[in-house]
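For the sequence shown, position 116 matches number 136 in the numbering used here, and the numbering has no gaps at all.
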Amino acid sequence: MSNKQRPSALIMLFGATGDLAKRKLYPSLYRLYKKGRITERFAVVGVARRPLTNEEFQKHVKDSILTHIGENTEIDQFASHFYYHSHDVTNTQSYRDLKTLAEQLDEKYSLEGNRLFYLAMAPEFFGTIAEHLKSEGLTDTRGYKRLVIEKPFGHNFESAQKLNDRIRTAFAEDEIYRIDHYLGKEMVQNIEVIRFANAIFEPLWNNRYISNIQVTSSETLGVEERGRYYETSGALRDMVQNHMLQMVALLAMEPPIRLTTEEIRSEKVRVLRSLRAMSKEEVNEYFVRGQYGAGEVNGEDVVGYRNELNVDPESNTETYVAGKLMIDNFRWAGVPFYIRTGKRMAAKSTKIVVQFKDIPMNLYYNPAEPLQPNLLIIHIQPEEGITLHLNAKKSGKSSTIIPVRLNFANKSVDRMNTPEAYEKLLYDSMRGDATNFTHWDEVALSWKFVDVISDVWENTKEKSFPNYPAGSMGPKCADELLQKDGNFWWDVEKFVIETC
Ligand code: NAP
21 MSNKQRPSAL
31 IMLFGATGDL
41 AKRKLYPSLY
51 RLYKKGRITE
61 RFAVVGVARR
71 PLTNEEFQKH
81 VKDSILTHIG
91 ENTEIDQFAS
101 HFYYHSHDVT
111 NTQSYRDLKT
121 LAEQLDEKYS
131 LEGNRLFYLA
141 MAPEFFGTIA
151 EHLKSEGLTD
161 TRGYKRLVIE
171 KPFGHNFESA
181 QKLNDRIRTA
191 FAEDEIYRID
201 HYLGKEMVQN
211 IEVIRFANAI
221 FEPLWNNRYI
231 SNIQVTSSET
241 LGVEERGRYY
251 ETSGALRDMV
261 QNHMLQMVAL
271 LAMEPPIRLT
281 TEEIRSEKVR
291 VLRSLRAMSK
301 EEVNEYFVRG
311 QYGAGEVNGE
321 DVVGYRNELN
331 VDPESNTETY
341 VAGKLMIDNF
351 RWAGVPFYIR
361 TGKRMAAKST
371 KIVVQFKDIP
381 MNLYYNPAEP
391 LQPNLLIIHI
401 QPEEGITLHL
411 NAKKSGKSST
421 IIPVRLNFAN
431 KSVDRMNTPE
441 AYEKLLYDSM
451 RGDATNFTHW
461 DEVALSWKFV
471 DVISDVWENT
481 KEKSFPNYPA
491 GSMGPKCADE
501 LLQKDGNFWW
511 DVEKFVIETC
């Protein structure tokens, strides 16, 4: 592996004692270390307010790895690279101490001045941290400097723009890595490969052959202890503005002229620019919302959203969104992209269903058993793979046509768990590959699209809430949204890949 593939870096992790760091970041760094993707030339400075010694912090890191990976070879050697700095991010003096520590570690581990600032903290601190990093000289380094930020990036277009302006005082756009952890998922990255490396799909990938595309991302979990945050967010901001629109952009974009960050982004941006804008009056024609009531999930009774911790008993917040997106360009004119996402649904699953148009003349017409349309299913999670639904003759004398499925299951091929999204994203940010992070142009366009919807929804109380029971696939209005076009949601719960 070249040095570019095994980059040296000082990772300054703000929010080092938090949930994200513990569950995702430490296990991901450990896996990268074990695979030799990061060498001994790395150091992590954990930053948070509570007082901890380096030893206590290292124990915290080791515990998290044991809990989440269950393995501990070379763990002491790995953890010895971790240092802790107790620091309130609003305290200017403390950044100077951080700078001194960074310089010492740079020297000790030959890090060539490379610095990755990872903000695993509440977004209201992002602007302050970036400004202090600049004013106190931490960004003044001879190596690269990069800022990795968690979602949410703003609350609407206006707040996102203000935040961006503050961050840009310290970092150039190409130094900012805005995480969308969906983009780190193996099968999301695979969308491009399926489309652009197979001669059989791309010629059909347009309005002549595709009837509609459905993207479903459902969760069985409720809001858990995140009620306070969720009340200000809802499914639209939490899922649609970022993950759902990113998946649509990847599905709909033109083939980039090269597989570079810039070319792929510019094609995604063109999709977002082609999204049909809605007037306020049209919002409810294209988008519907839901909120879960009490119900049963995985055999257990669960409370409705309004009875969750830190949730207003009269809450107007949506926990479910379904929408129809129209992409007004030559390739997609007339093809609806349906998206739906929600909490407390019947299954935890993210799937894309590409429904092809019916064949022009059906030689096997049988009103009792109509031919099934061809479907391409891209399974994003929990299983990863693709399934192609075709029609074939049932073996034997009868001329019955039966639907058959061709499966490719990622896990059954390499028999290993595919790497966690965070592992990929961390590695990419260290190597300077920003392809799977979101550019400001994408963030801005997505917010502008979503803002129209949230504006209408926040100003009209939804009287039907709660309108779907926990453990179902969402409210009736979501079915009606498709019925208006003569379509229906495919029952994605049944689309499982058989792994043998
Ligand atoms: P969290 O568990 O609440 O952790 C927050 C961290 O920030 C803690 O380490 C806390 O440590 C530190 N902190 C708070 N105020 C501080 C201050 N003034 N100065 C210095 N440190 C301070 O949050 P989280 O769940 O890890 O989430 C972090 C970010 O990731 C958020 O933007 C969230 O939206 C995003 N995110 C999280 C997840 C997830 O799975 N958790 C998934 C996707 C995105 P002290 O109390 O010791 O200061």
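All C-beta atoms, glycine included, are put in the ideal place defined by N, C-alpha and C.
Listed in chain order, the non-local C-beta contacts of residue 304 below 8 angstroms within the same chain comprise 476, local neighbours out to five positions each way being set aside. Look at residue 28 here: in three-state DSSP terms it is coil, with no helix or strand label.
Fewer than three Cβ pairs drawn from the region 169-177 and the region 418-432 lie within less than 8 angstroms of each other, which leaves the two stretches out of contact.
Between residue 237 and residue 259, the beta carbon gap of about 6 angstroms places them in contact (Cβ cut-off 8 angstroms). Judged by DSSP in its simplified three-state form, residue 329 adopts coil rather than helix or strand.
Annotated three-state conformation of residue 406 is strand, per DSSP. Between the ligand NAP and the CB of residue 40, the shortest heavy atom gap is smaller than 8 angstroms. In terms of CA proximity to residue 205, 401 leads the group 129, 401, 447. Here the alpha carbons of residue 389 and residue 325 stand approximately 41 angstroms from one another.
In this structure, the beta-carbon distance from residue 300 to residue 472 falls below 9 angstroms. In the DSSP assignment, residue 340 falls within the unbroken beta strand (DSSP E) covering 340-346.
The three-state secondary structure of residue 247, taken from DSSP, is helix.
Between the alpha carbons of residue 271 and residue 514 lies a distance of about 22 angstroms. Under the criterion of beta carbons closer than 8 angstroms, residue 63 and residue 134 do not qualify as touching, at roughly 10 angstroms.
The residues 310, 340, 342, 360, 362, 365, 488, in chain order, have a CB closer than 7 angstroms to that of residue 494 in the same chain once the five nearest residues on each side in sequence are set aside. Take the alpha-carbon of residue 332 and the one of residue 385: they are about 54 angstroms apart. Taken in chain order, the complete alpha helix (DSSP H) segments of 4 residues or longer contained in the region 239-319 are 247-255, 265-272, 281-294, 303-306.
Per DSSP, reduced to three states, the secondary structure at residue 365 is strand. Fewer than three Cβ pairs drawn from the region 216-234 and the region 286-294 lie within less than 8 angstroms of each other, which leaves the two stretches out of contact. The nearest non-hydrogen atom of the ligand NAP is 8 angstroms or more from the C-beta of residue 243.
Contact between residue 466 and residue 262 holds, with the beta-carbon distance rounding to 7 angstroms and staying under 8 angstroms. Put simply, the region 119-130 does not touch the region 81-89. Fewer than three CB pairs are less than 8 angstroms apart. Around residue 267, the same chain offers 235 as residues with beta carbons nearer than 6 angstroms, after the five sequence neighbours per side are excluded.
Annotation for residue 35 indicates a beta carbon within 8 angstroms of some heavy atom of the ligand NAP.
In the DSSP assignment, residue 63 falls within the unbroken beta strand (DSSP E) covering 62-68. Of the heavy atoms belonging to the ligand NAP, at least one sits nearer than 8 angstroms to the Cβ of residue 249. For residue 447, the enclosing alpha helix (DSSP H) stretches over residues 441-451.
Inter-residue distance for residue 281 and residue 443 is about 19 angstroms (C-alpha atoms, whole angstroms). The straight-line gap separating the alpha-carbon atoms of residue 57 and residue 26 is approximately 5 angstroms.
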